[in-house]
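Only one structure is covered here, and it is reproduced in the block below.
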Amino acid sequence: MIDMETMNVDINQEKKIPGSIDQLFIITKFEILNYFRSRRFLILLIIGLIIDLLLTGIIGYYRPQSFLSSSLSFYSGWVGQSITFIIILSAIFFGGDSISGEFQNKTGFFIASRPIRRSSIYIGKWIASFIASFLIIIIFLAITIANGVYYFGASIPYELWESLAFSILYLAAVLGFAFFFSSLFKSSAYSIIITVILFLFAFNLIQLLISSLVGIEPWFIITYASGIISNIFTVPFPAHVVTTVTHLGHGRTLTTTTYNATISEGLIIMAGYFIISTILGLFIFEKREFN
Amino acid sequence: MIYALQDRNIEKRFILINYMAVYEVGKLDDNVIEAINLTKKYGSFTALSDLNLNLSGSKCVGFLGPNGAGKTTTLKIFTDLIRPSSGQAIINGINVQQNKKKALSDCSALIETPEIYPSMTVREALSLVAELRGVPRSERSSQIEEVVAEVKMTDWLDKSVGKFSKGMKQRVNIASTLIGNPSIILLDEPTSGLDPRGMAEVRDIVKSLKKKDRLIFMSSHLLNEVADVCDEVAMIDHGKLLAYGPLEEITDKFSTVDDSAEAQFSRAIDESINSQISRIDGIVSVEKLDSRTVKIKYTGGLKSQEYILATLAGMQIGLVGFKSSSTRLEDTYLNLIKETL
Ligand SMILES: Nc1ncnc2c1ncn2[C@@H]1O[C@H](COP(=O)(O)OP(=O)(O)O)[C@@H](O)[C@H]1O
Ligand SMILES: [Mg+2]
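Protein chains in written order, with this note's numbering: chain A, 319 to 609; chain B, 195 to 535.
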């Protein structure tokens, strides 16, 4: 006859909604599927590969001293600038319209009206963007290292791993910030454009203006913190404050100050950006209405 | 053995009879949606004003009102898409604003026309919902195939949603509300944007949903749709609830016109028969449309209609057709809406 135990289980399981953490990873899984399907992942991967191929070709053909003098300068030249560029592109590709797009395209309605916390949606999407970006960085680095091994053998400088660790934190911060901005807007075009302007121009410009002209350390700018990703390759690590006095003739001088974030400072700024923007983004997404 | 029982209703009753002592009766049985003083303001504009509504049991309740009445606003509050300015939205005893996840655990909703990621296939989109709802892995694909068949989209199961017409998307959305077999379903104008055939099909789907032990709350601005599909009606306009109750009761209460019907006979109707007909209890007037057809106006609703039909048939005057053409719901609707203007 009917087993009491079985029935008990059956009835209880019937409408058992998975826990919020489980749901979060379900969102992550389908978001990544969507990145693959919508070719976002592919396009960014191709950009990364193009940078890799250009560098491979240029270094192989011209053999520039700035790259080939030491393995440290090799990795510094290769990774130093391009990795932050790839991270910023990731924020634009995966973060820019992450939340605003859900409102504008009405795709948010499909998920948000189901038994799931909004924070599970937000964090699930964030993790998806992190995993996708991380994959691209790893593929980019694999080709970098293949080149490095070709020129300098298998001994990879310790600084590369440090730089990678900083990059991962920077990625978290940049994506966190892009998600926060995205949650402020209802139009995905706006939020993407603002992400582009901020990371590609505005932050750098503000950083330059206030440090060289006003002489204030731009500790509140996230791109300032990202300096540690390339500076770690410089031995010894660059001085925190560099003052340059330029003689303009007639006894007049121009003093410009350049700041370099120290490692601990850089890490704190990145962590701060990540934590604060994630809390704000979650809060705004929680409060927003689906109109 | 229990797994073989398809109908949850049977399953529940079965369990109730056998294990009353073990299972809390209230927990298993009632599907309840409750709005308490629900108000939504946009600035100084009140989209929803002090809505009080308590729906329970297994039936289909129509939420009828013209465009801009506040139907979507109400349903969005019940799914936590927007928040009320004051008041509470409660599903199965759980406040949606306090614990949305639990409140919606046995409730699904289709609000306006949500979009699905265009690159996803129907199967993937429904898998996402099935996983979120905790449908066991072993049942997922069969359940997805079942709900897709229900909305007649089987041929499109593995096609991307992006190229679908609005009507096809809406079918997928309806299918998604059936995943996990929830006991409460909220539908916001499910037939909007569909062609007449699509509308008829969606209405049939909603009607078939009623067979299972479910509470369906469906908004519509179409009177005939509510009359066709629903058992009860809640009328709303300008954010205010105007009336709620079984269709019959509401029309009896608010309609100012009588029911009418056309009776067709195989033989010509002469004056004496005409006056005989007009003497039947409940009949208010008899109007000859042609020699073999009369239009009857009567009071007393369905009971009266049943009596009149039986009497006409018993009179042996060649009754071959009887078509009631009630305009009372329409009249009720117009009367109530007029009042709020
Ligand atoms: N976000 C909003 N801001 C201002 N007014 C709104 C907003 N959403 C809805 N409304 C107004 O609230 C009223 C009710 O809207 P709605 O619930 O969508 O009506 P229905 O679904 O019954 O057609 C309408 O007058 C509409 O213009
Ligand atoms: Mg509406």
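Backbone N, C-alpha and C fix where the C-beta goes; we use that ideal spot for every residue, glycine too.
This structure is a prediction, so every number in the text was calculated from the model and none was measured.
Proximity test, residue i beta-carbon vs ligand 1 heavy atom, cut-off 7 Å
{"i": "Phe239(B)", "result": "yes"}
{"i": "Gly259(B)", "result": "yes"}
{"i": "Gly262(B)", "result": "yes"}
{"i": "Tyr236(B)", "result": "yes"}
{"i": "Asn352(A)", "result": "no"}
{"i": "Asn609(A)", "result": "yes"}
Any non-hydrogen atom of ligand 2 within 7 Å of residue i CB
{"i": "Thr266(B)", "result": "yes"}
{"i": "Glu383(B)", "result": "yes"}
Residues that residue i contacts on chain E, provided the C-beta gap is smaller than 7 Å
{"i": "Gly328(B)", "result": "Although the question refers to chain E, the structure presented lacks it and instead comprises the protein chains A and B."}
Contacting residues, own chain, Cβ-Cβ under 6 Å from residue i (five flanking each side not counted)
{"i": "Ala297(B)", "result": "Ile285, Ile288, Val290"}
{"i": "Glu604(A)", "result": "Arg436"}
{"i": "Val400(B)", "result": "Val423"}
Residue j beta carbon less than 8 Å from that of residue i
{"i": "Ile546(A)", "j": "Ile581(A)", "result": "yes"}
{"i": "Gly387(B)", "j": "Gly356(B)", "result": "no"}
{"i": "Ala303(B)", "j": "Gly374(B)", "result": "no"}
{"i": "Leu326(B)", "j": "Val341(B)", "result": "no"}
{"i": "Ser500(A)", "j": "Gly590(A)", "result": "no"}
{"i": "Ile171(B)", "j": "Leu409(B)", "result": "Residue coverage of chain B in this structure runs from 195 to 535, which leaves residue 171(B) outside it and unanswerable."}
{"i": "Tyr353(A)", "j": "Ala483(A)", "result": "no"}
{"i": "Glu443(B)", "j": "Ser414(B)", "result": "no"}
{"i": "Phe459(B)", "j": "Ile511(B)", "result": "yes"}
{"i": "Pro554(A)", "j": "Asn578(A)", "result": "no"}
{"i": "Ser317(A)", "j": "Leu362(A)", "result": "Look at the range of chain A in this structure, 319 to 609, and you will see that residue 317(A) is not part of it."}
{"i": "Ser416(A)", "j": "Ile345(A)", "result": "no"}
{"i": "Thr493(B)", "j": "Gly476(B)", "result": "yes"}
{"i": "Pro260(B)", "j": "Asp389(B)", "result": "no"}
{"i": "Val397(A)", "j": "Leu487(A)", "result": "no"}
{"i": "Ser505(A)", "j": "Thr575(A)", "result": "no"}
Same chain, Cβ closer than 8 Å to residue i, five either side skipped, listed in chain order
{"i": "Lys405(B)", "result": "none"}
{"i": "Thr324(A)", "result": "Residue placement at Thr324(A) cannot be trusted, given a pLDDT of 42 that sits under 50; the coordinates are not used to answer."}
{"i": "Asn231(B)", "result": "Asp244, Leu245, Asn246, Ser280, Gly281, Gln282"}
{"i": "Ala490(A)", "result": "Phe448, Met588, Phe592"}
{"i": "Ala507(B)", "result": "Leu513"}
{"i": "Ile524(A)", "result": "Pro536, Ile539"}
According to DSSP, residues forming a beta bridge with residue i
{"i": "Glu442(B)", "result": "Glu442(B) is not bridged to any residue."}
{"i": "Met412(B)", "result": "Gly256(B), Leu381(B)"}
{"i": "Lys517(B)", "result": "Glu456(B)"}
{"i": "Met429(B)", "result": "Leu258(B), Ala437(B)"}
{"i": "Asn225(B)", "result": "Asn225(B) is not bridged to any residue."}
{"i": "Phe354(A)", "result": "Its beta-bridge partners do not exist; DSSP assigns none."}
{"i": "Val563(A)", "result": "Thr573(A)"}
{"i": "Leu528(B)", "result": "Answer is none; Leu528(B) lacks a bridge partner."}
{"i": "Ile230(B)", "result": "Gln282(B)"}
{"i": "Ala303(B)", "result": "Leu380(B)"}
{"i": "Val423(B)", "result": "The partner list for Val423(B) (beta bridge, DSSP) is empty, contrary to what the question assumes."}
{"i": "Ser250(B)", "result": "Val226(B)"}
Spatial neighbours of residue i in its chain, beta-carbon cut-off 7 Å, leaving aside the 5 residues before and after
{"i": "Arg522(B)", "result": "Thr445, Ser449, Val451, Asp453"}
{"i": "Lys294(B)", "result": "Asp274"}
{"i": "Gln337(B)", "result": "Ala324, Val329, Ile373"}
{"i": "Ala215(B)", "result": "Note that Ala215(B) scores a pLDDT of 39, beneath 50, so its modelled location is shaky and nothing firm can be said."}
{"i": "Ile350(A)", "result": "Ala446, Ile449, Ala450"}
{"i": "Asp464(B)", "result": "none"}
Original post:
Taking a cut of 8 Å between CB atoms, which residues from the region 254 to 273 of chain B lie near chain A?
Top reply: Lys270, Thr273
**OP:** Could you run through the region 402 to 431 of chain A and flag, in chain order, every residue whose CB is less than 9 Å away from some CB of chain B?
**Re:** Asn423, Lys424, Thr425, Gly426, Phe427, Phe428, Ile429, Ala430, Ser431
**OP:** Could you list the residues in the region 273 to 307 of chain B with a C-beta less than 9 Å from some C-beta on chain A, going in chain order?
**Re:** Thr273, Asp274, Leu275, Ile276, Arg277, Lys294, Lys295, Lys296, Ala297, Leu298, Ser299, Asp300, Cys301, Ser302, Ala303, Leu304, Ile305, Glu306, Thr307
**OP:** Taking a Cβ distance cut-off of 9 Å, strictly less, list which residues of the region 479 to 508 of chain B are near chain A, in chain order.
**Re:** Listed in sequence order: no entries.
**OP:** Can you give me, in chain order, the residues of the region 354 to 379 of chain A that have a beta carbon less than 7 Å from any beta carbon in chain B?
**Re:** Those residues of the region 354 to 379 of chain A that come within reach of chain B (Cβ to Cβ, closer than 7 Å) are Arg355, Ser356.
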